[in-house]
Each structure stands twice: as C-alpha cells, then as structure tokens.
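Residue numbers (this note's numbering): 135 to 402.
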C-alpha cells in the first residue's frame with residue numbers, strides 16, 4: 135500500500151491542481167493524495183456519480199474543500215471552461231495530472247471506428263487538450279508541473295491493445311517534447327507508466343473473463359513482475375505527488391515506470 139502523503143517534508147501547500155479522470159481509480163487516488171500533500175484540488179470526470187463518491191471520500195479523510203467539475207477531456211470547449219474557471223475561482227493553476235483514459239481490448243481488424251475514435255480522443259487528444267490549456271495558466275503562475283498517465287503497455291503490450299498502446303506511447307512522446315517547449319516557463323512535464331494496478335478498470339476487465347481465466351490472468355500478472363503482486367492506486371498517487379513536489383525540481387521530460395518490476399522482468 136502507498137504510504138501516508140504526510141511523509142513529504144515539502145508539501146504542496148498553496149498549490150492548485152486539476153486531476154482528470156478523478157471519478158475512480160488512479161485519478162481518484164491522485165486527487166486524494168494531492169489533497170493530503172496540501173494542494174487545493176479540482177477533480178474532473180465525465181461521471182457525476184464518480185465525482186460525488188470521490189468528494190465523499192475526501193470529506194471522510196478531512197478534506198471537504200475538494201472541488202469537483204464535470205468535464206469531457208476530448209471536448210475542447212469543456213476543457214477551456216474548466217481551466218478558466220479554476221484559475222478564476224482559485225487564483226492559479228500549478229499542477230495538472232492528465233489521467234483520464236479508456237481501454238478497449240479489440241483486435242485492430244475487428245475494431246469499429248467509434249471505438250478507435252474513443253480511444254484516441256480520450257487517451258491522446260484529451261491529454262493534449264488539457265496540457266494545451268494548462269500551460270498558459272502555469273506560465274502566469276510562474277511555473278508548474280504536468281504529469282501524464284501513460285502505461286507499461288506503451289512498450290510491453292498485448293494483442294488487442296494496438297490503439298491503446300499507440301495512444302499511451304504517444305503521450306510519452308508528448309511529455310518528452312512538451313518538456314522542451316515549456317521548460318523556459320519553469321514548467322515540468324513528465325509521464326508516469328503504471329503496471330497492473332488494482333482499479334475499477336482492472337475489475338471490469340476481470341469481470342469480462344470467466345472465473346478460471348480471471349484467476350489465471352492474475353496469477354500470470356503477479357508472476358510476471360519482480361514483486362509478485364498487483365499494485366495499488368495509492369502507490370501511483372505517491373509517485374504523482376513526488377513528481378509534483380520540490381523533490382523533483384530537476385526531473386522533466388521523463389517517464390517514471392511504476393510497475394513492480396514488470397518491464398525489468400520482461401527485458402530479461
């Protein structure tokens with residue numbers, strides 16, 4: 135399990151963060167982690183129910199100040215509105231965790247255009263749009279930190295994940311290149327690549343399998359990494375907080391892999 139965010143000696147007090155896809159999974163864990171580290175957090179998602187659940191969890195752990203906003207990352211007018219509202223209402227924007235994502239396991243030759251468009255619109259275009267609208271606000275704030283959720287599937291993928299893997303590889307390239315564009319504004323940009331993490335997305339994937347196949351899949355995943363277990367969302371949140379903190383001021387244009395050693399095992 136991830137450790138308490140109070141371990142960070144340099145907190146994020148006074149900083150304003152937007153987290154996309156914060157209605158569940160990694161985004162929810164990130165929003166709560168950033169709150170614990172002292173940031174004012176705007177949690178966004180397309181699901182009001184998910185945001186309400188995240189808000190309730192924030193209240194339960196003593197952070198009723200969490201702001202929630204409905205936003206579809208693939209629609210620029212919505213992204214622009216939320217980023218403008220955040221800067222206007224909270225005074226600045228210092229952190230973006232561009233995390234919203236969708237996944238589909240469909241062979242490319244069988245994929246309908248609607249599924250292809252959804253994957254690219256959310257997993258790639260959505261990242262680019264949120265970064266686009268974060269940068270001017272961060273320049274006005276004198277700097278900032280952008281963290282983009284990629285995946286180990288960008289480099290170690292599975293059949294049926296062609297478009298997802300392409301999008302996740304694309305955001306790593308985007309982080310690397312964008313870091314060069316905005317470094318002069320004291321803005322850092324990094325990607326983070328989780329391995330298999332215990333999230334609702336994983337639960338849905340397992341539910342689509344029969345019981346025997348799901349158990350076999352989990353056993354395979356556990357044996358395929360050095361720690362022989364599934365990761366927790368809070369462990370990804372720990373890494374996000376680190377990348378946004380002043381302990382990572384010289385880290386930009388990087389891809390932080392948090393996968394329990396999965397890619398290390400696969401490289402042998």
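We put the CB at the ideal spot given by N, CA and C, even for glycine.
Residue environment, residue i, which counts as buried when at least 16 other CB atoms sit within 10 Å
| i | result |
| --- | --- |
| residue 412 | The structure shown does not extend to residue 412, since the chain is modelled only from 135 to 402, so the question has no answer here. |
| residue 360 | exposed |
| residue 248 | exposed |
| residue 162 | buried |
| residue 143 | Legend: pLDDT at residue 143 = 41, less than 50; position of this residue unreliable, value from coordinates given subsequently. Burial call: exposed. |
| residue 242 | exposed |
| residue 298 | buried |
| residue 447 | Given a span of 135 to 402 for the chain in the structure shown, any question on residue 447 remains unanswerable. |
| residue 137 | In this prediction, residue 137 has a pLDDT of 47, which is less than 50 and means its spatial position is unreliable; what the coordinates show is noted afterwards. So residue 137 counts as exposed. |
| residue 157 | buried |
| residue 139 | Bear in mind that a pLDDT of 45 at residue 139, under 50, signals an unreliable position, so the model cannot answer this. |
| residue 354 | exposed |
| residue 350 | exposed |
| residue 237 | buried |
Test item: CB-CB of residue i and residue j under 7 Å
| i | j | result |
| --- | --- | --- |
| residue 364 | residue 332 | yes |
| residue 316 | residue 385 | no |
| residue 329 | residue 278 | no |
| residue 282 | residue 261 | yes |
| residue 155 | residue 234 | yes |
| residue 172 | residue 211 | no |
| residue 159 | residue 343 | no |
| residue 258 | residue 304 | yes |
| residue 254 | residue 309 | no |
| residue 367 | residue 399 | no |
| residue 80 | residue 375 | Nothing in the structure corresponds to residue 80, since the chain is present only between 135 and 402. |
Proximity winner among the options, relative to residue i (alpha-carbon distances)
| i | options | result |
| --- | --- | --- |
| residue 327 | 338, 231, 255, 173 | 231 |
| residue 184 | 170, 203, 254 | 203 |
| residue 391 | 300, 291, 301, 285 | 285 |
| residue 397 | 155, 289, 166 | 289 |
| residue 370 | 171, 164, 296, 145 | 164 |
| residue 271 | 223, 356, 305 | 223 |
| residue 219 | 152, 181, 373, 209 | 152 |
| residue 389 | 357, 339, 292, 287 | 287 |
| residue 320 | 187, 357, 373, 382 | 382 |
| residue 216 | 186, 195, 194, 180 | 180 |
Sequence-distant residues of the same chain with beta carbon closer than 6 Å to residue i, five excluded per side
| i | result |
| --- | --- |
| residue 313 | 323, 386, 387 |
| residue 201 | 176 |
| residue 377 | 281, 324 |
| residue 291 | 299 |
| residue 273 | 319 |
Beta-carbon contacts of residue i that lie in its chain and below 7 Å, excluding the five residues immediately before and after
| i | result |
| --- | --- |
| residue 94 | A query on residue 94 cannot be resolved here, the shown segment of the chain reaching from 135 to 402 and no further. |
| residue 213 | 205, 207, 263, 264, 267 |
| residue 240 | 249, 294 |
| residue 221 | 227, 271 |
| residue 169 | 175, 192, 197, 200 |
| residue 311 | none |
Same chain, Cβ closer than 8 Å to residue i, neighbours up to 5 away in sequence not counted
| i | result |
| --- | --- |
| residue 189 | 177, 200, 202 |
Residue-level contact to chain B via CB, residue i, 7 Å cutoff
| i | result |
| --- | --- |
| residue 379 | The structure shown has no chain B; it contains just one protein chain. |
TODO: Pick out the complete alpha helix (DSSP H) segments inside the region 157–190, 4 residues or longer, and give them in chain order.
DONE: 159–170
Task: Minimum length 3: unbroken beta strand (DSSP E) runs contained in the region 286–349 - done: 321–328
Task: Contiguous alpha helix (DSSP H) assignments of at least 4 residues, all confined to the region 188–240 - done: Counting whole runs of 4 or more residues, the region 188–240 contains the alpha helix (DSSP H) stretches 210–224.
Task: Minimum length 4: unbroken alpha helix (DSSP H) runs contained in the region 375–401 - done: 396–400
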